[in-house]
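Those sequence lines, one after another, are chains E and V. The numbers in my numbering rise by one with no breaks, and the one at position 45 of the first sequence is 83. The numbers in my numbering rise by one with no breaks, and the one at position 95 of the second sequence is 133.
2 protein chains.
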Amino acid sequence: MSRASLSERAAGRRVALVPTMGALHEGHLKLIKVARELSDTLVVSIFVNPAQFGENEDLSSYPRRLAGDTEKAEAEGADIIFHPSAEDVYPKGSSTWIDVEGVSTGLCGASRPGHFRGVATVVLKLFNIVKPHSAVFGLKDYQQFVVIKKMVRDLNLDVELTGVDTVREADGLAMSSRNVYLSARERKAALSLPAALDAGKLLFIAGEREAVRIAGAAKKVIEKEELAVVDYIELCDSLTLEPVGKLGKTTLLAAAVKVGSTRLIDNVILS
Amino acid sequence: MSRASLSERAAGRRVALVPTMGALHEGHLKLIKVARELSDTLVVSIFVNPAQFGENEDLSSYPRRLAGDTEKAEAEGADIIFHPSAEDVYPKGSSTWIDVEGVSTGLCGASRPGHFRGVATVVLKLFNIVKPHSAVFGLKDYQQFVVIKKMVRDLNLDVELTGVDTVREADGLAMSSRNVYLSARERKAALSLPAALDAGKLLFIAGEREAVRIAGAAKKVIEKEELAVVDYIELCDSLTLEPVGKLGKTTLLAAAVKVGSTRLIDNVILS
Chain E
39 MSRASLSERA
49 AGRRVALVPT
59 MGALHEGHLK
69 LIKVARELSD
79 TLVVSIFVNP
89 AQFGENEDLS
99 SYPRRLAGDT
109 EKAEAEGADI
119 IFHPSAEDVY
129 PKGSSTWIDV
139 EGVSTGLCGA
149 SRPGHFRGVA
159 TVVLKLFNIV
169 KPHSAVFGLK
179 DYQQFVVIKK
189 MVRDLNLDVE
199 LTGVDTVREA
209 DGLAMSSRNV
219 YLSARERKAA
229 LSLPAALDAG
239 KLLFIAGERE
249 AVRIAGAAKK
259 VIEKEELAVV
269 DYIELCDSLT
279 LEPVGKLGKT
289 TLLAAAVKVG
299 STRLIDNVIL
309 S
Chain V
39 MSRASLSERA
49 AGRRVALVPT
59 MGALHEGHLK
69 LIKVARELSD
79 TLVVSIFVNP
89 AQFGENEDLS
99 SYPRRLAGDT
109 EKAEAEGADI
119 IFHPSAEDVY
129 PKGSSTWIDV
139 EGVSTGLCGA
149 SRPGHFRGVA
159 TVVLKLFNIV
169 KPHSAVFGLK
179 DYQQFVVIKK
189 MVRDLNLDVE
199 LTGVDTVREA
209 DGLAMSSRNV
219 YLSARERKAA
229 LSLPAALDAG
239 KLLFIAGERE
249 AVRIAGAAKK
259 VIEKEELAVV
269 DYIELCDSLT
279 LEPVGKLGKT
289 TLLAAAVKVG
299 STRLIDNVIL
309 S
C-alpha cells in the first residue's frame, strides 16, 4: 500500500483516503464520491479496528462484507481497496497509542472508554501507511471528526480533512452499519433519535438558548419510546466539544441511544 | 521547515534529522557527523522540549546556547538548524500525546513519569514537520532509542533510525549537557557511574550471569561515593527492556545516579 501511494505521489497525483470499517452503505458511498472529486488516486480502506471496540461491544458481530464492499467502492470510483488484517495493523507486541485529550473525554468518550484512543491510533497508522493528501470522514461520527482534526493539528500532519454531512434513510434515521442489528420494532423505535434532535432544533429555531431546555425537549421524545434508552443527550461547543449552558453561535446537539442492544448515535448543528 | 524538506525530498535528496535539546557537546557532534554521511540534506533541531521534563526537574535551568550551538552544528555540516519555540511546537490547546507502552515503563520511565510520553510526542512531531528519511540518536539515552524504535514500528513511520555509541570524556564520564551542572567535587563523584558499569561488565566478562550479582557489584561502587545516590541499576533485555534474572546473549546494564541535584544516566551492553 505504501509503495503504491508513494509512486502515485511521486508522479504528482493527489491521493485521497476514505477510512471505513466496511459494511458500506449510502453514507460511505457519499464519502467516496466526495473523495473521488478531491483526488487522482482514491483509496478506500476497509478495516474493522479492534482497538476502538470495548470489551463488551460488538466487535465479533460487526458486519463484514468484503466482496460486496469492494464492488460498491469500486463502482463509486475507488482505485485501491486497502483491507489489512488485524495482524497487519497491530503486529504482535504493538503498544503505541495516541491520546487526544480534551475532545475525547465527553459524549461517546465517556460511554466508551478507550474508543477514541483506538480511533486516533488506527487513523494515524492508516495515514502513515496510505500517505494521503486528504481524507474524508462522515459527520454522523461528529466527535470522531473533531478528535481526528485535533490530532492532525497537534501532530503536524499534512492531511487535509473533509467532513461530509450525514446521509439519512427516507424516514430520517441516520445511515449506519449498525442499523442491520435492529429488529422491525427496534427499527421503528430508533426513529425517536432523529425525532429527538428535530425537537431540539425546533426549540432552538423558536429562540430557546438554554441548553438544559433543549436537551430536555429532546430527551422527552426518546423517553416516550419504550425500546429506546438515552445514553446521552448533550449540547456542546462544536469545536471544543465542551458542554455549553447557554447556546452561542454554533452548538452541537449530539445524542446516543440504546435500542435493544444496539447503540446508535446522531447529531445536529444548531446555528 | 516542512516546505524546505518537501522541496529537498522532491528533488530526490535524502533528508536526515538529528533532534537535540541544544547545549551541543562532542556526543551531539558525533551524531551530526554520522547523519552527515547518511544524508544530502542534514537538519539539526534544537528544542528544549518542556513535555519531557517533570514538575520538579531542570527545565528552567537546562542550558540554552543557540548561537554557539548553531555555529558548532554548521561546522559539522548541518544544512538547516531548526529551532522552533515552545509555542510553535505546542500551540495553545495542544493535547495529543503518544504513549509507547511497555518499553517506557521501567528504568527512567519509572523515575520520570511522563518523560517518555513527552519524548515520543515531540519526536513524532519533529518527524512530521521535518519529514526526514533518517534520524540519528545517541545510545547514552538507550531507553529513549528503544522507545522511538518501537514508536516508529508501531505507527508505521518511514524513518530509518540509527543509534550512535556514547562519547565519553577522557576519564570515562559520558558526555551530557547536564555535566555543566556538576561542581568540581561532584564531577569527581560522577565517575562512580562509569566505574560501576565497568565493575558490572568485568564481572560479566569473568563469567557471572546472575543479574542480581552484577547489579550488586555495580551498586557497591556507587555506594562508596558519598555524593552519589543510586536511582536505579538494572539489567534488562536490550530489545524489550524487560528485567532479566539470568543474563542471555545481549543484556543492557543501565544505571541512573543523582550527584548532588544532578541526575546522570549511563549504560553498557553486556554481550
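The beta carbon of each residue, even a glycine, is placed where N, CA and C say it ideally should be.
Item	Value
Which one of E/Thr300, E/Ala105, E/Ile84, E/Ser309 has the shortest CA to CA distance from serine 221 of chain E?	E/Thr300
Would a check of beta-carbon distances place glycine 140 of chain E closer than 8 angstroms to chain V?	yes
Would the beta-carbon of alanine 54 of chain E fall within 8 angstroms of that of serine 77 of chain E?	yes
Mind checking which residues open and close the beta strand (DSSP E) that includes alanine 292 of chain E?	289-297
Less than 7 angstroms between C-beta atoms, sequence neighbours within five positions excluded: which residues of the same chain meet that for arginine 74 of chain E?	Leu80, Glu114, Gly115
Skipping 5 residues on each side, what residues in its chain have a beta carbon closer than 8 angstroms to that of valine 218 of chain E?	Ala61, Pro101
Using DSSP with H/G/I as helix, E/B as strand and the rest coil, what is lysine 262 of chain V?	coil
What do you get for valine 306 of chain E, buried or exposed, if any count of 16 or more other CB atoms within 10 angstroms of its CB means buried?	buried
Put lysine 286 of chain E into one of helix, strand or coil per three-state DSSP.	Residue 286 of chain E is actually glycine in this sequence, not lysine. Correct three-state label for glycine 286 of chain E: coil.
Between the Cα of aspartate 275 of chain E and those of E/Tyr180, E/Ser43, E/Glu207, spot the shortest distance and give me the residue it belongs to.	E/Tyr180
In or out: lysine 169 of chain E buried (at least 16 other Cβ within 10 Å) or exposed?	buried
With distance defined between alpha-carbon atoms, name the residue in E/Gly254, E/Val82, E/Ala292, E/Ala208 nearest to aspartate 117 of chain E.	E/Val82
Run through chain E and tell me which residues come within less than 8 angstroms of methionine 189 of chain V, C-beta to C-beta.	Thr134
In the DSSP output, what is glutamate 272 of chain V paired with across the bridge?	V/Ala292
Of all the CB atoms in chain V, is at least one closer than 8 angstroms to the CB of aspartate 78 of chain E?	no
Pull up the DSSP beta-bridge partners for serine 172 of chain E, would you.	E/Ala54, E/Glu198
Output yes or no for whether 8 angstroms exceeds the beta carbon distance between lysine 239 of chain E and leucine 308 of chain E.	yes
Given a cut-off of 8 angstroms, decide if methionine 59 of chain V and isoleucine 136 of chain V are closer than it, judged by their beta-carbon atoms.	no
How close, in whole Å, do the beta carbons of leucine 241 of chain V and glycine 210 of chain V come, if the pair is a contact with beta carbons under 8 angstroms?	17 angstroms between Cβ atoms; not a contact.
Output, in sequence order along the chain, the residues in the region 160-171 of chain V whose CB is closer than 7 angstroms to any CB in chain E.	Leu162, Lys163, Asn166, Ile167
Can you give, in chain order, each stretch of the beta strand (DSSP E) that sits fully within the region 98-161 of chain E and has at least 3 residues?	118-120, 134-138
DSSP state of leucine 241 of chain E, grouped into three classes?	helix
Starting from leucine 193 of chain V and walking both ways along the alpha helix (DSSP H), at which residues does that stretch end?	Looking at the DSSP string, leucine 193 of chain V is not in any alpha helix (DSSP H), and its letter there is neither H nor E.
So aspartate 275 of chain E contacts chain V; which residues on that side make the cut at Cβ distance below 7 angstroms?	Within 7 angstroms Cβ-Cβ: nothing; aspartate 275 of chain E doesn't reach chain V, min ~12 angstroms.
Can you tell which of V/Gly147, V/Arg150, V/Pro151, V/Thr134 has the C-alpha that lies nearest to the C-alpha of valine 160 of chain V?	V/Thr134
With a threshold of 8 angstroms between beta carbons, is aspartate 107 of chain V in contact with chain E?	no
Could you list which residues in chain E have their beta carbon closer than 7 angstroms to that of asparagine 194 of chain V, in chain order?	Lys163, Asn166, Ile167
Can you name, in chain order, every residue of its own chain whose Cβ lies under 7 angstroms from the Cβ of aspartate 269 of chain V, other than the five neighbours on each side?	Ser149, Ala294, Val295, Lys296, Arg301
When the cut-off is 8 angstroms and only beta carbons count, does aspartate 137 of chain E lie next to chain V?	yes
Looking at C-alpha atoms only, which residue of V/Arg216, V/Gly245, V/Gly144, V/Lys262 is the closest neighbour of alanine 233 of chain V?	V/Lys262
List the endpoints of the continuous alpha helix (DSSP H) containing valine 306 of chain V.	Looking at the DSSP string, valine 306 of chain V is not in any alpha helix (DSSP H); the run it does join, the beta strand (DSSP E), is 300-308.
Determine the direct distance from the alpha carbon of serine 123 of chain V to that of asparagine 87 of chain V, and round the result to whole angstroms.	9 angstroms
Identify the residues that DSSP records as bridge partners of arginine 216 of chain E: which are they?	Its beta-bridge partners do not exist; DSSP assigns none.
Could you tell me if leucine 290 of chain V is buried or exposed, where buried requires 16 or more neighbouring beta carbons within 10 angstroms of its beta carbon?	buried
Got a sec, what are the start and stop residues for the beta strand (DSSP E) serine 83 of chain V sits in?	79-84
For proline 281 of chain E, which beta-bridge partners are listed by DSSP?	E/Cys274
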